[in-house]
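> Pasting a structure below so you can have a look.
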Amino acid sequence: MKIRSRTVGPSLWVLLAAGLAACSGGQPGPQQEAPPPAPPSQTVRQFTIGAMTGFALRDGDLEFPNDNKVFGVGHTPAEVAEVLAAAGLPEDKLTLSLQPLLVKVAGRVMLFDAGAGRNMGEGAGRLLDSLAEAGVKPEDVSDVFISHLHGDHVGGLVNAEGNATFPNATVRISAPEWDALRAMNARTAANYGIQNHRDVVNVIAPSVATFQPGGDVLPGMVRAVEVKGHTPGHSAFRIGTGANSLLYVGDSMHHHVVSLQKPDWHIAFDGDAKTGAASRAALLEELAAGNQRIYAVHFPFPGLGRIQKGDAGFTWVPEQ
Numbered sequence: 008m009k010i011r012s013r014t015v016g017p018s019l020w021v022l023l024a025a026g027l028a029a030c031s032g033g034q035p036g037p038q039q040e041a042p043p044p045a046p047p048s049q050t051v052r053q054f055t056i057g058a059m060t061g062f063a064l065r066d067g068d069l070e071f072p073n074d075n076k077v078f079g080v081g082h083t084p085a086e087v088a089e090v091l092a093a094a095g096l097p098e099d100k101l102t103l104s105l106q107p108l109l110v111k112v113a114g115r116v117m118l119f120d121a122g123a124g125r126n127m128g129e130g131a132g133r134l135l136d137s138l139a140e141a142g143v144k145p146e147d148v149s150d151v152f153i154s155h156l157h158g159d160h161v162g163g164l165v166n167a168e169g170n171a172t173f174p175n176a177t178v179r180i181s182a183p184e185w186d187a188l189r190a191m192n193a194r195t196a197a198n199y200g201i202q203n204h205r206d207v208v209n210v211i212a213p214s215v216a217t218f219q220p221g222g223d224v225l226p227g228m229v230r231a232v233e234v235k236g237h238t239p240g241h242s243a244f245r246i247g248t249g250a251n252s253l254l255y256v257g258d259s260m261h262h263h264v265v266s267l268q269k270p271d272w273h274i275a276f277d278g279d280a281k282t283g284a285a286s287r288a289a290l291l292e293e294l295a296a297g298n299q300r301i302y303a304v305h306f307p308f309p310g311l312g313r314i315q316k317g318d319a320g321f322t323w324v325p326e327q
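Listed below in C-alpha cells is the structure:
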C-alpha cells in the first residue's frame, strides 16, 4: 500500500495549535521523555589520535575451531579451552574480528590494511560498506599501509572486477614483504590465504612504494615498527607522535585472550614460531609498561584500548 503525504498549509498549523491549546487549558503539556540514544554502530567507530581523526572499519569476523591446528599449536584443545573458559568465552571456537583502520589528517585519507576482499568467504569482505558509512569513497583514499601480506590484509586491494579498489592510493609495504609477495608461487600464496595473489601483484605494482622495516614512512605521521616472526617484513605502525600516538599492532597479536595470556604459544600463521613468540612477549611488556594506546585489528570491535600486566599475565582493556 502506498502512503501519500501532503504539505500542511499555514492555516491548518494555526488551527491545530489552537486545538491543542484548548485541550490543555492553555497550559503547556507534560514534557515527553527524550528517546534513548541509539546504540553505537558495530561497523564504524570514530575517535581521535591527537589532531587526527580515526575510524574503526569493520570488515567481518574470522572463526576457527579449537582443534590446536591454528591456536595453541603443540597444546591440547583442552588447554586452550581452559584459557577461554576462564575468560567466559566459548570453549569450542576462537573468533577474531577484522577491522582495518582509517585515519584522516592534513589532506590525507590513510587506510591501514585493506581487509579480506574475496579471500575469506562471506564472513568478511565488508570493508567498502563500512567505508561508505564513514563517508569515504574508495577513490578518496590517498595511502594504504600494509602490515603484511596475508589474505585478510591484502585481499581487499583488488575489487571483484579485478581492478584496484583504491585507484588513487599509494600502497605502502615493507620492502621484504613486497619482495616475498612477488616471489611466491600460487601454492604458497594459498597457504597465506591469498586466493587472488597474481591479481594483487599485477594490479598494485604501479602504486607500490616500499619502506625499510622500522623506518619513517611518512615523517611526523606514520613510522613502521618492525615486529619479527610473523612474515618476512611484518610491520606495526606508530601513528602520530608523543603521548597522543597510537600503535596499529598488525598481526603481532591475534586473540584478545589467548595471545595475551599465553604469548609463548605458537599460532600457525607465524612463519617463525620462536621469533614470533619472543616478539609478541617483548611488545606486550613494552605496551603495558608504557600504558600505550593501541589499535588491534583482530581484537573485538573496535579494537581500541590498552594492555595491562597483572599477576596472571597480560589482559586487554578496551577503550570505553
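Each residue of the sequence shown is one higher than the last, beginning at 8 in our numbering.
In this text, a Cβ means the ideal position worked out from N, Cα and C, and glycines have one as well.
Computed from a predicted structure; not experimentally measured.
(1) Helix or strand or just coil, what does DSSP make of Q327?
(2) When you compare only the Cα positions, how much space is there between A284 and H82?
(3) Which word fits L318, buried or exposed, when buried means at least 16 other C-beta atoms lie within 10 angstroms of its C-beta?
(4) Distance, Cα to Cα, A94 vs E168?
(5) Nearest-angstrom Cα distance between D147 and A141?
(6) So which of S149, Y302, E129, A190 has the shortest CA-CA distance to A171?
(7) Using a Cβ-Cβ cutoff of less than 8 Å, which residues in the same chain neighbour G222 once the five nearest sequence positions on both sides are dropped?
(8) Note the first and the last residue of the continuous beta strand (DSSP E) segment covering E70.
(9) Which one of V224, E293, T50 has the shortest CA to CA distance from S181?
(10) Looking only at DSSP bridge pairs, what is H273 linked to?
(11) For I338, name the three-state secondary structure that DSSP assigns.
(12) From the DSSP output, read off the bridge partner residues of Y255.
(13) Using a 10 Å radius around the Cβ and a threshold of 16 neighbouring Cβ atoms, would you call K76 buried or exposed?
(14) Rounded to the nearest angstrom, what separates H160 and A212 at their Cα positions?
(15) Tell me the DSSP secondary structure of K281 in three-state form.
(16) For A176, which of helix, strand or coil comes out of DSSP?
(17) Going by the CB atoms, is the gap between L69 and A131 shorter than 8 Å?
(18) CA-CA distance, P325 and V112?
(19) Three-state secondary structure (DSSP) at I201?
(20) So for G317, helix, strand or coil by DSSP?
(21) Please classify R230: does DSSP put it in a helix, a strand, or coil?
Result, derived from the coordinates:
(1) Position 320 of the sequence shown, counted from the start, is the residue given in the question as residue 327. Looking at Q327 - three-state DSSP - the assignment turns out to be coil, as it is neither helix nor strand.
(2) In the sequence shown, the residue the question calls residue 284 occupies position 277. In the sequence shown, the residue the question calls residue 82 occupies position 75. Straight-line Cα distance between these residues: approximately 15 Å.
(3) As a working mapping, residue 318 is identified with position 311 in the sequence shown. Note that residue 318 is Asp in the sequence shown, not Leu. Classification for D318: exposed.
(4) Walking along the sequence shown from the start, residue 94 turns up at place 87. Walking along the sequence shown from the start, residue 168 turns up at place 161. Straight-line Cα distance between these residues: approximately 43 Å.
(5) Residue numbering aside, residue 147 sits at position 140 when the sequence shown is read from its first letter. Residue numbering aside, residue 141 sits at position 134 when the sequence shown is read from its first letter. Computed Cα separation, rounded: 12 Å.
(6) The residue given as residue 171 occupies position 164 in the sequence shown. Of the listed residues, the one whose Cα sits closest to A171 is S149.
(7) As a first step, residue 222 must be located in the sequence shown, where it is residue number 215. R230, A231.
(8) Translated into the one-based positions of the sequence shown, residue 70 becomes position 63. It spans 67-72 - the beta strand (DSSP E) in which E70 sits, taken as one unbroken run.
(9) Against the sequence shown, residue 181 aligns to sequence position 174. For the residues V224, E293, T50, the minimum Cα distance to S181 belongs to V224.
(10) Position 266 of the sequence shown holds residue 273. Paired residues: V80.
(11) Outside the shown range of the chain, which is 8 to 327, sits residue 338, and nothing can be said about it.
(12) One-based indexing of the sequence shown puts residue 255 at position 248. Answer by DSSP bridge pairing, in chain order: F244, Y302.
(13) The residue you call residue 76 lines up with position 69 of the sequence shown. Exposed.
(14) In the sequence shown, the residue the question calls residue 160 occupies position 153. In the sequence shown, the residue the question calls residue 212 occupies position 205. Spanning the two alpha carbons is a distance of roughly 16 Å.
(15) Position 274 of the sequence shown, counted from the first residue, corresponds to residue 281. DSSP places K281 in helix when its eight states are reduced to three.
(16) Position 169 of the sequence shown holds residue 176. A176 falls in the coil class under three-state DSSP.
(17) Translated into the one-based positions of the sequence shown, residue 131 becomes position 124. Translated into the one-based positions of the sequence shown, residue 69 becomes position 62. Yes, these two residues count as a Cβ contact at 8 Å.
(18) As a first step, residue 325 must be located in the sequence shown, where it is residue number 318. As a first step, residue 112 must be located in the sequence shown, where it is residue number 105. Each residue's Cα considered, the two are about 24 Å apart.
(19) Your numbering for residue 201 matches position 194 in the sequence shown. Here I201 sits in coil by DSSP.
(20) Taking the first residue of the sequence shown as position 1, residue 317 is located at position 310. If DSSP states are grouped into helix, strand and coil, G317 belongs with the strands.
(21) Indexing the sequence shown from 1 puts residue 230 at position 223. Here R230 sits in strand by DSSP.
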